[in-house]
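Colleague: My numbering applies: residue 29 is where the sequence shown begins, and numbers increase by one.
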Amino acid sequence: QGLEQHCPKMCQTYSSMFPKDCDHDDCANMWTNGGYSTDITVHQRFVFKVPEGMPLETAGPLCCAGVTTYSPLARHIKGKENMTVGVVGFGGLGMMAVKIAKAMGAKVTVFGRSEAKKAEATALGADFAVMTDEAVIGSLGRTFDCILDTVAVHYEINGIISTLKAYTGVLVLIGAIPQPYPVAGFPMIFNGTRVEGSLIGGCTLTQEMLDFCHAHKIAPETEIIHAKDAEAALHKLHDSSAGAKRFVIRSETLKEM
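See the structure below:
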């Protein structure tokens, strides 16, 4: 079905223990290390062709943030006219969501907690709304066909839900938080709201995403770093000082650690 990412026995590229009885018992109980591996062997089904001319530092983040945002947009937006998309948060996922949704022809609005990232969002052709402003949220009632929730911190979600179109609008959760959202039942009932989760994309969709991004000249904002600078980069991501930038480790520097 092209939904390899939902296989209950999947072995992830990073931090998965290789299972027994899968033809390679010499690898059983060993952890996968993804791009940190000195060598890696995978079935051809899970190998993707990087479009000619696309830098590897672009392809790598696209296979993460790119397909994570492309997948729900392909389901709900691609190939349809006059679609409206909301994007909650404007970090690495949010920026990719805006670029891809715009390339699909949608009208896009970014929701932020403040106007700190308004200039960046509008530079990409998106509108901007402060989601803590009740008047602004009220003016957007039943506006959106699809909203991608990319944030990984708790916030008041009921206002965002009210901006979805009745019955046809869908809120897609891709930025998971550990604690449950307190969702008000009556607004969900009266708006006929739909909420779904989305996890990266299957193999066919991942290749489709790479080709789409190459054709539309879509790329993440990246910075190539030495492996020794990875911890500092993580701190920047944690305190939000990195913005929407994706840090890419130059693999050969791992040997210098």
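Using N, Cα and C, we set each Cβ at its ideal position, and we do this for glycine too.
Give the DSSP-derived three-state secondary structure of residue 179 in the structure shown.
Modeller: It is coil, neither helix nor strand.
Colleague: So what's residue 127 in DSSP terms, helix, strand or just coil?
Modeller: Residue 127: helix per DSSP, three-state reduction.
Colleague: Report the three-state DSSP secondary structure of residue 109 (helix, strand or coil).
Modeller: Three-state result, residue 109: coil.
Colleague: Using 8 Å as the Cβ pair cut-off and three pairs as the minimum, do the region 125-135 and the region 105-117 touch?
Modeller: Yes: the two stretches touch, three or more of their Cβ pairs being nearer than 8 Å.
Colleague: Identify the residues that DSSP records as bridge partners of residue 157: which are they?
Modeller: In DSSP, residue 157 forms a bridge with 139.
Colleague: Once you ignore the five residues that flank residue 121 on each side, which residues in its own chain have a CB closer than 7 Å to its CB?
Modeller: Excluding positions up to five away in sequence, the list reads 93, 96, 97, 178, 202, 203.
Colleague: Taking 8 Å as the threshold (C-beta atoms), are residue 190 and residue 210 in contact?
Modeller: Against a cut-off of 8 Å, the Cβ pair of residue 190 and residue 210 comes out as no contact.
Colleague: Compare the C-beta of residue 188 with all C-beta atoms of chain E and state if any pair is closer than 8 Å.
Modeller: Note that chain E does not occur in the displayed structure, where there is just one protein chain.
Colleague: From residue 281 to residue 219, what distance separates their C-alpha atoms?
Modeller: Straight-line Cα distance between these residues: approximately 53 Å.
Colleague: Cα-Cα, which of 126, 166, 243 is closest to residue 80?
Modeller: For residue 80, the nearest C-alpha among the options comes from 243.
Colleague: Within 10 angstroms of its Cβ, does residue 260 collect 16 or more other Cβ (buried), or is it exposed?
Modeller: Counting Cβ neighbours within 10 Å, residue 260 comes out exposed, since fewer than 16 surround it.
Colleague: Measuring alpha carbon to alpha carbon, tell me which residue in 174, 182, 229 is nearest residue 207.
Modeller: Here the closest residue by C-alpha is 182.
Colleague: On a CA-only basis, which of 58, 90, 76 is nearest residue 274? Give me that one, please.
Modeller: The shortest C-alpha separation from residue 274 is found at 90.
Colleague: Given 8 Å as the limit, is there contact between the region 244-258 and the region 217-231, that is, 3 or more CB pairs closer than that?
Modeller: These segments do not touch.
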